[in-house]
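Reviewing the structure listed below.
Structure representation (structure tokens):
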């Protein structure tokens, strides 16, 4: 069972059984057949959407939205995290508000933001940015607040100024936790992007396509969009994990 | 004790200042009332929603869904994660599918589940269960895999029956990571439930906010934001207290 080939074969049994069950359901007819689209139709829809360029367009819209939100929220998050960790009054003042606001489930802000900003791009970016903001604040704050005292002592011995201290001591020492925060921010921003696209509908993207397909009862489109979403999410996480490994290569054996 | 009271007081001060600024901003007419209502008005709305039982009914529906959805999803996640970690056959059969399904952003399941299950209670409980399942299964898998091999070997040598293996080794050794997984699962479940209620429901706290938005009742929307935040806080804090209580022996 440890040999690779039989192991792969075993791993395919359950998905194959699901496909068989799916086919049986779709052949059963009646009301259920609407949801259980035949596998051939799903493949045809995929080919259709892929060659027509719709899928690519949706994927690019969603990706650029996610990246924009991530950059906005991430940069704001790192800035606030640094400010909270280095300036005590900021920590005292903003910390409790940050922790209070963070308790509201992310998409619970959507009706309020919808009233303020409508359902356009700015409302979406605000929610995605917020999703990226929370974990980066926390990671940056924790990273900088827990820099070992003796590093700072060394800096004092060398007569480092504030900028040198930040550049050569605080930032490298805090980097692992900052990157952990960004890793979580990426995952969370991706979920938020799909969520706001489904809930707000307008403006295109994979989530909006899923929402429209739901209204039209097009399970084939939904399944294709889910698969693309999952693949893209996996690719993004994988790429960032490699970047993280590269940035932290001086750590030797990463945990 | 008094130090804690002071710490609590200083933590409470900034939010109070914020509420004060909000009250001033709305009562000076800086923002029109369609954009911002005063905190006093929101408090009045919350009191009114409590008095006429609306808030209680929405909250009851939401918590009912959360309870069953999280309960089912977390139990399934515990069982699945344990089986995945202990049985090589089970792992070979289910690991590829599990890893693939885990890549789907949880909210992307909503349109599919709506088509499969409609928008009744079954859908909402299922989507909450799915949201809770993945973090709990993953944490349980990691937790059980993290048990030193020697412990399980000793159990095998002594032919320990599964129930005592569970009680003596599996549960105590995996409590900390599993509790973290449960906390994450509960937060996820609450997030997904509110989203599902915004999208498709005729009651529940998410629907209360969505109705508020459609009727331009910003006070009702803000009441929903506050209540859902308080619930989120209570859930997170509840599991954290539990965590501290049951992992104390590790620190001691």
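Residue numbers (full-length UniProt numbering), protein chains in the order written: chain A, 1 to 255; chain B, 1 to 252. We treat Cβ as the ideally placed atom computed from N, Cα and C, and that holds for glycine. Keep in mind the model is a prediction, meaning the values are calculated, not measured.
In the structure shown, residue 52 of chain B adopts coil according to DSSP, grouped into three states.
Check the Cα spacing between residue 20 of chain A and each of A:8, A:5, A:6 and A:37: the tightest is with A:37. Residue state for residue 82 of chain B is assigned as helix, using DSSP reduced to three classes.
Cβ proximity to chain B below 9 Å picks out 104, 105, 106, 107, 108, 109, 110, 111, 112, 114, 115 and 116 from the stretch 104-133 of chain A. Segment contact: the stretch 219-239 of chain B against the stretch 173-190 of chain B, three or more CB-CB distances shorter than 8 Å; contact assigned. In the same chain as residue 125 of chain B, and ignoring 5 residues on each side of it, the C-beta atoms closer than 6 Å to its own belong to 65, 68 and 69, in chain order. Where residue 149 of chain A is concerned, the enclosing alpha helix (DSSP H) starts and stops at 149-157. CA-CA distance, residue 241 of chain B to residue 181 of chain B, rounds to 15 Å. Distance from the CA atom of residue 63 of chain B to the CA atom of residue 195 of chain B, rounded to whole angstroms, is 14 Å. Assignment of residue 37 of chain A by DSSP, reduced to helix, strand and coil, places it in the coil class. Here residue 39 of chain B is buried: its Cβ has 16 or more other Cβ atoms, across all protein chains shown, within 10 Å. Of all C-beta pairs linking the stretch 103-123 of chain B to the stretch 231-248 of chain A, three or more are shorter than 8 Å, placing the two stretches in contact. Taking C-beta separations shorter than 7 Å and ignoring five residues to either side along the sequence, the partners of residue 165 of chain B in its chain run 155, following chain order. For residue 229 of chain B, the residues of chain A that pass the 9 Å Cβ criterion are 100, 101, 102, 103, 104, 105 and 108, in the order they occur in the chain.
Contact check between the stretch 204-211 of chain A and the stretch 46-61 of chain A: three or more CB pairs, one atom from each, fall below 8 Å, which counts as touching. Only residues of its own chain outside the window of five on either side were considered, and among them 206, 209 and 210 have a CB closer than 6 Å to the CB of residue 225 of chain A, listed in chain order. In this structure, residue 73 of chain A and residue 241 of chain A do not form a Cβ contact; the two beta carbons are roughly 20 Å apart against a cut-off of 8 Å. Interface annotation, residue 150 of chain B: not in contact with chain A, CB-CB separation never under 9 Å. Excluding the 5 residues flanking it on each side, residue 145 of chain B has same chain C-beta neighbours closer than 8 Å at 85, in chain order.
For residue 229 of chain A, the C-beta contacts it makes with chain B under 7 Å involve 104, 105 and 108, in order along the chain. The beta strand (DSSP E) runs of length 3 or more contained entirely in the stretch 4-73 of chain A do not exist; there are none. Residue 163 of chain B and residue 140 of chain B have their C-alpha atoms some 17 Å from each other.
A residue is called buried once 16 or more other Cβ atoms fall within 10 Å of its Cβ, and residue 5 of chain B, having fewer, is exposed. Residue state for residue 238 of chain A is assigned as helix, using DSSP reduced to three classes. Secondary structure at residue 210 of chain B: helix, using DSSP grouped into helix, strand and coil.
In chain order, 123 and 200 place their CB closer than 8 Å to the CB of residue 114 of chain A, counting only its own chain and leaving out the 5 sequence neighbours on each side. Taking C-beta atoms as the reference points, residue 135 of chain A and residue 174 of chain A fail to come closer than 9 Å. By the neighbour-count definition (other C-beta atoms within 10 Å, threshold 16), residue 58 of chain B is a buried residue. Within the same chain, 139, 140 and 143 come within 6 Å of residue 178 of chain B by CB-CB distance, once the 5 residues on both sides are set aside. Close to residue 213 of chain B, with beta-carbon spacing below 7 Å, are these residues of chain A in chain order: 111, 114 and 115. For residue 186 of chain A, the closest Cβ of chain B is not nearer than 9 Å. Using beta-carbon distances, residue 80 of chain B does not count as an interface residue toward chain A, since no partner is under 9 Å.
Below 8 Å, too few C-beta pairs join the stretch 102-113 of chain A and the stretch 152-160 of chain A to call them touching: fewer than three. Annotated three-state conformation of residue 87 of chain B is coil, per DSSP. Taking 9 Å as the CB threshold, residue 214 of chain A lines the interface with chain B. One finds 108 and 111 in chain B with Cβ atoms closer than 7 Å to the Cβ of residue 210 of chain A, taken in chain order.
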